[in-house]
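J.:
Numbering (this note's numbering), first residue to last: 3 to 1002.
This is the structure we're talking about:
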C-alpha cells in the first residue's frame, strides 16, 4: 500500500470490517445447520468431441486438475466429448471409456493416465510416466493465483468459455464482456463516443474496453494468457478487448476483486484474463452473418488449424470481422435533438443552416441569436426585411452522423509448444489485429464574422458587420472520422521442471498498440476568414476571393469556395508499448496436517513507453506537426504468494471440513513515481460438504499512465450544455507532472452453496467493497451528459463575461496561445466559459454492493435443461469529486452505474437440437433532475442444430436473435440531445444472425 493513511481512513476500515462481519454472520445464520455430504461435487461439462488430447485439455480446465501421461497413451485416440452434469471422476471415466486407458490419482489435483490395469502403487505409475518425456496438459492456473494445481481460491471469479459465448449468441469477445452485469459500459465503447457520453474522450480508435464496477477502464487490468496488453486509446490506458479474435479464445476469467498484490498496477476493480487456445488437432471453420434494422450488417469468418505430436503442438487462427455503420437517423430517439415528441426538451443548436445573427444580451453580454436568416433565398444581398426577428433557426448537432462506426478487423493468432527433453517445455505465441474504422462525424460549425466588404453582406439593423452562428452541414456536409488500430502481442517462454513438483516459469513478452486517427472535411479557420473577407488575400494560398468568389453565409456558395474552406483536417498518432520479463517458481514447501503448504515467488520487470504525434491543417497555410519526445518508465517488482491448508480431509472436524489461508504481497518500484507495497489476505472455509465461505482483504494501486503526466497541452472550442441552452467553451486539456498514484482498499465476503439434496444446483453470493482514493480524473468530463452547471465541478469551470475587459483579455490570451487548435474560428466575445479538463488527483470513489449467481442443470429423459443467473446490485457508488467536495451517492443516476443489472439464461438440449433464451435486465433509475428512466428488459434467443453422425458430424448451425422483441432503450432527455443513456443501454435493437461452425 502506498504510505500515508490517516486516522480517518482507519475509521473507514473499521466500519467496513464491522459491516462485512455482520453480513457474514447473517449469511451463516441463514445457511442450513447441517448439510448432507455428497460423495463429490457435481460440475457442468460441455466438451466437444475430437482428439483425446484436446478433449483432456478441456476436461483439465473445467475440473481444475493436472493430467500426466506418456505420448503413447493418447496418440491416435479420439473421444466423443461430454455434455451434462457429472462428478469430475465420472466425467473422466466417460471421456476415456473404450480407449483402454485407466486413470489413477497420484495426489490431490494430479491424475496419471496409462494403458492397461491400474498399478498397485503410486510409485509404479510415477515411474512409468517418467520413462518417456511426458506431455503435460497445461495446468489450470486459476486467475487470481500464481500457484499451480490449487482449487478455487477466496476471490470471486466469473468464468466462461468460447462455447458459452457462442451459445449466448455473441459475435465478439467485446460483446460478451460488455454484457456482464458487473461491467459499466459508460466509457470507451463506440456508441458512447459518438453520443458524447464518453467521459474519457480519448477513444480515438473506437476501442471497446472493460470497466468493472464503474471504477474506470484504467482500473481494470486485462491480461492475455496472463500477460499484459499495451494500452490503447489516446491516453494508452484502454485495454482494447475488441482486438481479440473470438475463434482463438479458450476461456475468459473475470476476477471481481482488487488484485495488485498478485498482478501489480491497474488491478483495482478486478482482472480480466483472456486465455487463448493452445492445443488443437484438425481444423475448424466459422462463418457468421447478422443484420439489424437500419444498418450494422455484420460478417464474420474464422479459420483455425492445429496439430499435436508426441512432444509438441502448433495452432494458427485467422478471423475476419466486418460491421457496417448504423446512422443516428436509423433510430427515432437519436434522429433529432428535438426530443419533445418523447416528452423531453428541444436540444437543437442555434449554430444552424441557415444561420442566426447574434447580438449581445444587454443584461449578460452573452451573444444570443436575434435574427434568423431566411431559408431558400436566391437573390443576394438580402434586404433588411428578409430577416426574421425573434425567430431562431435550429439544427441537430448530430445530423448525418453515424451512431456506430463501420469497422473492419483482421486478426491472427498462433501458438507453438515443444518439449526439449524431459524437463523443459518451450512455448511461443503471437497475436496481431488490425482494425479500420470509418464514420460520419460532426458537421463543422463556426461563428462567422462578416462585414460590408463581402458582397453578400446584409444587415437587418444597418450595422456594418455581424457575427453569424452557422452550421456547415449543408455547405460541407459531415466531417469524416477514421482510425486504424493495430494490436500486437508476442511472448516466448519456458517451463522447467525442478525437484519434486516445483516448476520454474520464465517468459518475455512484448505488446504494442498503434492508433492512427483523424478527420477529413474539417473547416479551415484561416481559409474561412479569407473567403469571408475578414482578412486580405493570403499570398501563401492560391485562393483569391475577388476571382474565386466570397463565402456566402446567407445562402449557397460556389464549389471552389467550399472546397477551399473545407480543406482542413486533423491527424493523431498514438503508440503504446509494454515489454516485460517474468520469472517465477512454485511448488510444495512441506505437508501440513491439512494438506500441502504451497508457495510461489517471483520477480517481474517491464518497460512502458508512450509516443504521440499530431498533424493539424486547420488554422495555418501549411500543416502543423507536433511530436513531443517519447515518454518511458521502468518498473521492477517482487512478489510472493502462500497457500496454507490449515484443515483438510486428514484433520477435518465437525463444522470445519476445509480451512485454507492465502497470503500474497507485491512490492513495485517505479522509476518516476516511487515504490508501493500491496498485501492481500484470503480465507476459505468449508463448514460442510457443498458449503464454502470465502473472504479477501487487500490493497491496490494505479500509477498514472505516461500520457496523464506528459500529454501535450491543448485548447479547443467546444459547445457545452448549460441549463436549457448551449454555451461555447474554451476547453483546456493536457497532462499533469504532479500527479500521484491512486490507491484503493477492497474486501469481499462470499458464500458458495451446492446442496447434496439437489445435485446440479449452485448458488453464490459475494459482498464487495472498494474504496478508491486520490483518483486521477478530469472531473468535468464525468458529468458531460448533465452539463457544466453541475455544482460538483464548479472548481473547474469559470464563466466569463464578454463585457468584462479582464475576462475578455483572458479569453484572448488563450486564443493567442500556440495550444489553441483553431484560431479565428470564433471571436473572443463568442465564449461564455473556460473549462479546465486537465488531469488532476481528485477525491474518491467508494463502491459497495453484492453479486449474486446461480445455476441448475438436470436431465428429464432425453432432455437436458440448464438455468443460470448472474446479477450485480450496487448499494453505493459514492463520489467525492474533489477532496473538499461533499460525498454524494450517484448510483442510479443517468450517466453513472445503475443499482441492479442482471442476466438469466434458460437452455434446453435434446440430442442434436438445442435452444437458449436469455433475459437481460437494467433497473429503473433517474436523471440528475429527478426524472424517472424506466427499467429495460430485453430477450435473446438462440436455436442450435449440432448433428452427431456422419457426414454432418462436427457441424453446428446456430440462429441467434438479440433483443428479440426489438425493445427500445428507455427514454432519457440527455443534455447532449440524444434520447437514450448510452452509458447504460445500447441502440442496436433487434439483431438477427446465423452462424455455421464446422470441425474437420
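Quick reminder that beta carbons are idealized off the backbone N, C-alpha and C, glycines included. Treat the numbers as computed from the prediction; the structure is a model and nothing was measured.
Using only alpha-carbon positions, find the residue among 886, 745 and 803 that is nearest to residue 268.
T.: On the chain shown, position 266 is the one that residue 268 refers to. Cα-wise, what sits closest to residue 268 is 745.
J.: Between residue 496 and residue 483, is the Cβ-Cβ spacing less than 8 angstroms?
T.: Working through the chain shown from its first residue, we reach residue 496 at position 494. Working through the chain shown from its first residue, we reach residue 483 at position 481. Result no, Cβ atoms of residue 496 and residue 483 do not sit closer than 8 angstroms.
J.: Under the rule that 16 or more other beta-carbon atoms within 10 Å means buried, what is residue 467, buried or exposed?
T.: Position 465 of the chain shown holds residue 467. Per the 10 Å Cβ criterion, exposed.
J.: Would you decide whether residue 702 is buried or exposed? Buried here means 16 or more other CB atoms lie within 10 Å of its CB.
T.: Mapped onto the chain shown, residue 702 falls at position 700. With 16 or more Cβ atoms within 10 Å of its Cβ, residue 702 is classed as buried.
J.: Within its chain, find whatever has a CB closer than 6 angstroms to the CB of residue 109; leave out the 5 residues flanking it on each side and keep chain order.
T.: Within the chain shown, residue 109 is the residue found at index 107, counting from 1. Below a pLDDT of 50, predicted positions are generally treated as unreliable, and residue 109, at 49, falls in that range; the measurement from the model is reported next regardless. Excluding residues within five positions, none has a Cβ falling inside 6 angstroms.
J.: Based on the DSSP secondary-structure assignment, which residues constitute the bridge partners of residue 513?
T.: Along the chain shown, read from residue 1 onward, the residue named residue 513 stands at position 511. Paired residue(s): 491 and 580.
J.: Going by C-alpha to C-alpha distance, which of 502, 524, 457 and 964 sits closest to residue 447?
T.: On the chain shown, residue 447 is found 445 positions in, with the first residue counted as 1. Closest option to residue 447, Cα to Cα, is 524.
J.: Relative to the C-alpha of residue 280, which candidate in 253, 167 and 346 has its C-alpha closest?
T.: Your numbering for residue 280 matches position 278 in the chain shown. That would be 253, whose Cα lies nearest to the Cα of residue 280.
J.: Which stretch, first to last residue, makes up the alpha helix (DSSP H) that contains residue 95?
T.: Within the chain shown, numbered from 1, the residue matching residue 95 stands at position 93. It spans 90–98 - the alpha helix (DSSP H) in which residue 95 sits, taken as one unbroken run.
J.: Just the Cα atoms here: how many angstroms apart are residue 940 and residue 763?
T.: Locating residue 940 in the chain shown gives position 938, counting from the first residue. Locating residue 763 in the chain shown gives position 761, counting from the first residue. Approximately 25 angstroms between the Cα atoms of the pair.
J.: Taking DSSP as the reference, what is the three-state secondary structure of residue 172?
T.: To locate residue 172, count along the chain shown from 1; it is residue 170. In the structure shown, residue 172 sits in coil (DSSP, three-state: anything other than H, G, I, E or B).
J.: Taking contact to mean at least 3 C-beta pairs separated by less than 8 angstroms, is the segment 334–351 in contact with the segment 959–975?
T.: Put simply, the segment 334–351 touches the segment 959–975. At least three CB pairs are less than 8 angstroms apart.
J.: Anyone know if the C-beta pair for residue 677 and residue 660 falls short of 8 angstroms?
T.: As a first step, residue 677 is located in the chain shown; it is residue number 675 there, counting from the start. As a first step, residue 660 is located in the chain shown; it is residue number 658 there, counting from the start. No Cβ-Cβ contact shorter than 8 angstroms links residue 677 with residue 660.
J.: Just verifying my parser: in three-state terms, what is the DSSP assignment at residue 383?
T.: Against the chain shown, residue 383 aligns to sequence position 381. Here residue 383 sits in coil by DSSP.
J.: Taking the continuous beta strand (DSSP E) assigned at residue 721, which residues delimit it?
T.: What you label residue 721 is simply residue 719 of the chain shown in a count that begins at 1. 716–724 is the span of the beta strand (DSSP E), which, as asked, contains residue 721.
J.: Residue 994 by DSSP, collapsed to three states: which one?
T.: Reading the chain shown from its first residue, position 992 is the one you call residue 994. In this structure, residue 994 counts as strand in the three-state DSSP scheme.
J.: Return the CA-CA distance between residue 997 and residue 868, expressed in angstroms with no decimal places.
T.: Within the chain shown, numbered from 1, the residue matching residue 997 stands at position 995. Within the chain shown, numbered from 1, the residue matching residue 868 stands at position 866. Spanning the two alpha carbons is a distance of roughly 22 angstroms.
J.: Going by the DSSP bridge assignment, what does residue 639 pair with across the sheet?
T.: Numbered from 1 along the chain shown, position 637 holds the residue referred to as residue 639. Under the DSSP definition of a beta bridge, residue 639 partners with 606 and 670.
J.: So what's residue 1008 in DSSP terms, helix, strand or just coil?
T.: Outside the shown range of the chain, which is 3 to 1002, sits residue 1008, and nothing can be said about it.
J.: Would residue 933 be called buried (16 or more neighbouring beta carbons within 10 Å of its own) or exposed?
T.: Indexing the chain shown from 1 puts residue 933 at position 931. Classification for residue 933: exposed.
J.: Restricting to Cα atoms, I'd like to know which of 68, 919 and 937 is closest to residue 927.
T.: On the chain shown, residue 927 is found 925 positions in, with the first residue counted as 1. The shortest Cα separation from residue 927 among 68, 919 and 937 belongs to 937.
J.: What residue range does the alpha helix (DSSP H) around residue 709 cover?
T.: The residue given as residue 709 occupies position 707 in the chain shown. It spans 708–712 - the alpha helix (DSSP H) in which residue 709 sits, taken as one unbroken run.
J.: Do residue 199 and residue 978 have their CB atoms nearer than 8 angstroms?
T.: In the chain shown, counting from the first residue as 1, residue 199 sits at position 197. In the chain shown, counting from the first residue as 1, residue 978 sits at position 976. Against a cut-off of 8 angstroms, the Cβ pair of residue 978 and residue 199 comes out as a contact.
J.: Can you round the beta-carbon distance between residue 777 and residue 844 to whole angstroms, since I take them to be within the 8 angstroms contact cut?
T.: Within the chain shown, the letter at position 775 stands for residue 777. Within the chain shown, the letter at position 842 stands for residue 844. Confirmed, about 5 angstroms.
J.: Considering Cα atoms alone, identify which of 717, 607 and 85 is closest to residue 671.
T.: Looking up residue 671 in the chain shown gives position 669. With distances taken between Cα atoms, residue 671 lies closest to 607.
J.: DSSP puts residue 662 in a beta bridge; with which residues?
T.: As a working note, residue 662 is residue 660 in the chain shown. Answer by DSSP bridge pairing, in chain order: 647 and 686.
J.: Based on the DSSP output, what are the partners of residue 256 in its beta bridges?
T.: Walking along the chain shown from the start, residue 256 turns up at place 254. In the DSSP output, where bridge partners are listed per residue, residue 256 has 160 and 274.
J.: Using 8 angstroms as the threshold, is the segment 210–225 in touch with the segment 240–247, meaning 3 or more CB pairs across them?
T.: yes
J.: Tell me which residue opens and which closes the alpha helix (DSSP H) that residue 550 is part of.
T.: Here residue 550 refers to the residue found at position 548 when the chain shown is read from its first residue. Element bounds for residue 550: 547–550.
J.: Hey, could you find the ends of the beta strand (DSSP E) residue 781 is sitting in?
T.: What you label residue 781 is simply residue 779 of the chain shown in a count that begins at 1. No beta strand (DSSP E) holds residue 781; the alpha helix (DSSP H) holding it covers 781–784.
J.: Taking buried to mean at least 16 other C-beta atoms within 10 Å of its own C-beta, is residue 652 buried or exposed?
T.: Mapped onto the chain shown, residue 652 falls at position 650. It counts as exposed.
J.: Out of 287, 297, 294 and 917, which has the shortest C-alpha to C-alpha gap to residue 303?
T.: Reading the chain shown from its first residue, position 301 is the one you call residue 303. Cα-wise, what sits closest to residue 303 is 287.
J.: Taking residue 192 as the reference, which of 261, 821 and 439 has the closest Cα?
T.: To locate residue 192, count along the chain shown from 1; it is residue 190. Nearest of 261, 821 and 439 to residue 192, Cα basis: 439.
J.: How about residue 757 and residue 692: are their beta carbons less than 8 angstroms apart?
T.: Here residue 757 is taken as the residue at index 755 of the chain shown, counted from 1. Here residue 692 is taken as the residue at index 690 of the chain shown, counted from 1. Yes, the Cβ-Cβ distance between residue 757 and residue 692 is below 8 angstroms.
J.: Rounded C-beta distance between residue 803 and residue 171? I'm assuming under 8 angstroms.
T.: As a first step, residue 803 is located in the chain shown; it is residue number 801 there, counting from the start. As a first step, residue 171 is located in the chain shown; it is residue number 169 there, counting from the start. Not quite, the Cβ-Cβ distance comes to about 56 angstroms (not below 8 angstroms), so this is no contact.
J.: Helix, strand or coil: which one does DSSP assign to residue 286?
T.: What you label residue 286 is simply residue 284 of the chain shown in a count that begins at 1. DSSP places residue 286 in strand when its eight states are reduced to three.
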